[in-house]
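Letter 226 of the sequence shown, counting from 1, is numbered 225 in the working numbering, and no numbers are missing. The beta carbon of each residue, even a glycine, is placed where N, CA and C say it ideally should be. Let me begin by presenting the structure, written as structure tokens, before commenting on it.
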Amino acid sequence: MEILQDAQGFIEKYKRITNKINTRNQMKNILFIHGSPRRGETFKVVQLFIDELKNFFEFKEEHIFLVDEKLEYCRGCLSCIQFGEEKCPIEDNLAKIYNQMLNADAIVFTSPVHALQVSGLFKNFVDRIAFVFHRPCFFGKLSISIVTQGILGYKGVLKYMDSIADFWGFNTVKGIAVTTPPGFRTEKEKALIDEEIKKGALRFFEAINLNKPKKVRLSSLIQFRFTRSMISTRSMIDDYFVQMMPKKIMYYKEKGWMTSDFYYDVKLSVFQKIIGKYFDHLGKKYAEKKLKERLKEER
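Spelled out as structure tokens, the structure:
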């Protein structure tokens, strides 16, 4: 009974929000990246999620099934990080997948829980696109993760997937994590799954409709200011670093990140400004320390 009442409440909220849709909302392109090796329980949940979204607005949908893509294992050579993704020695479908991600307005990442982690297919995808951790580029785009488990593990997996998206620059929406045990399910189990999907679809729709800029998390601010100050300092005093990380230095300069407050224009609080300057200082000191250590070893 409570679940039915909650569902009715969701419907009423949907109607109120739908009435607030304004003309600036154009057709969105949503990309689904599937990490499951088969179209089983996770895919069924995704289909239900899509059906819920279609109750709110029209959108274009694209699907990437990693199991069908030619995506070889990362060789750990660091070429993509040091010199650019175009320098990767592997010729497969990564560039195509990356371009589809860049062209999407929002991305839905999906994976079942395999041995308390994402699927091997999804992990290999993350490994292959690791250069984005060093050159984040998905600011202004939304993401949500959908995770299914047989028994346990979805909390850690969902947290991992959300943290990846956050590192890459996405404005992450709280994801969907459901238990989809094989075989017979009670009506209560089915209702709980449906409820989580409805809640997730509503969160995702609200985020798309409101189009709010990504919040500045303290951890992200610290990471940015420390990293950029370290890069800026080492690029001026350490020739070895310039030779090892030319792409990262160039990327930060092109984006204006060597002098900006954050990855994108945002008004920082007084506290955030103080924290930012402090970690600028630490980043500079770290760069100077690494240079001294290297020069000492070379003597």
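Check: Taking DSSP as the reference, what is the three-state secondary structure of K27?
Finding: Looking at K27 - three-state DSSP - the assignment turns out to be strand.
Note to self: Is it buried or exposed, D161, if we count other Cβ atoms within 10 angstroms and call 16 or more buried?
What the structure shows: Flag for D161 reads buried.
Next item on the list: Name the two residues that bound the continuous alpha helix (DSSP H) containing I230.
Entry: 217 to 236
Note to self: Excluding the 5 residues flanking K288 on each side, which residues of the same chain have their C-beta closer than 7 Å to its C-beta?
What the structure shows: None.
Notebook entry, point to check: So is K140 buried or exposed if we call it buried at 16+ other beta carbons inside 10 Å?
Noted result: By the neighbour-count criterion, in which a residue is buried when 16 or more other Cβ atoms sit within 10 angstroms of its Cβ, K140 is buried.
Notebook entry, point to check: Is it the case that the Cβ atoms of K27 and A105 are separated by a distance below 8 Å?
Noted result: yes
Margin query: Mapping the DSSP letters down to three states, classify I207 as helix, strand or coil.
Written below: helix
Check: Can you find a CB in chain B that lies within less than 8 Å of the CB of H280?
Finding: Looking at the structure shown, chain B is missing, and only one protein chain is on hand.
Margin query: Helix, strand or coil for N92? Go by DSSP, reduced to three states.
Written below: Three-state result, N92: coil.
Next item on the list: Flag this pair as yes or no: are the beta carbons of G168 and Y97 separated by less than 8 Å?
Entry: Not closer than 8 Å, so no.
Check: If we ignore side chains and look at the alpha-carbon of each, how far apart do D260 and I221 end up?
Finding: Cα to Cα, D260 sits roughly 11 Å from I221.
Notebook entry, point to check: Counting along the chain, where does the beta strand (DSSP E) carrying F108 start and finish?
Noted result: 105 to 111
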